[in-house]
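Worksheet for the structure shown next.
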Amino acid sequence: MTIGKPPAEGSDSRLPPNNLGPLITPLLGLILSTALTAIAGFLTDWHTASLVFLSATALFSSAQREP
C-alpha cells in the first residue's frame with residue numbers, strides 16, 4: 207500500500223454531504239439562548255431573563271438569514 211495513492215476508479219471515498227447544518231444551527235442557537243436565560247434568571251429576576259432570551263433568540267435567528 208502506497209501512501210497518497212489515488213482511490214481505484216469507480217470508488218468514491220468522499221464523505222456524504224452534510225445535510226444537518228440547517229437543522230443543527232438553529233437548535234444550537236435555541237440551546238444557547240436557553241442557557242443564557244437560565245443564567246440570567248439565576249443571577250437576576252425572570253423579567254430580565256425573558257429579555258435575555260428574546261434578544262439572544264433574535265440574535266441567533268438573524269445570524270441564520272442569508273444576505
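Residue numbers for the sequence shown follow the numbering used here, so the first one is 207 and each next one is one higher.
In this text, a Cβ means the ideal position worked out from N, Cα and C, and glycines have one as well.
What you are looking at is a predicted structure, and each value in this text was computed from that prediction instead of being measured.
Classification of residue i by the beta-carbon crowding that lies within 10 angstroms, buried from 16 upward
i	result
threonine 243	buried
alanine 241	exposed
Reduced DSSP category for residue i - H, G, I as helix; E, B as strand; rest coil
i	result
threonine 263	helix
threonine 240	helix
threonine 254	helix
Residue i to residue j span [Cα, whole Å]
i	j	result
threonine 263	glycine 235	7 Å
isoleucine 237	glycine 247	15 Å
phenylalanine 259	serine 239	6 Å
alanine 255	phenylalanine 266	16 Å
tryptophan 252	isoleucine 245	10 Å
threonine 250	serine 261	16 Å
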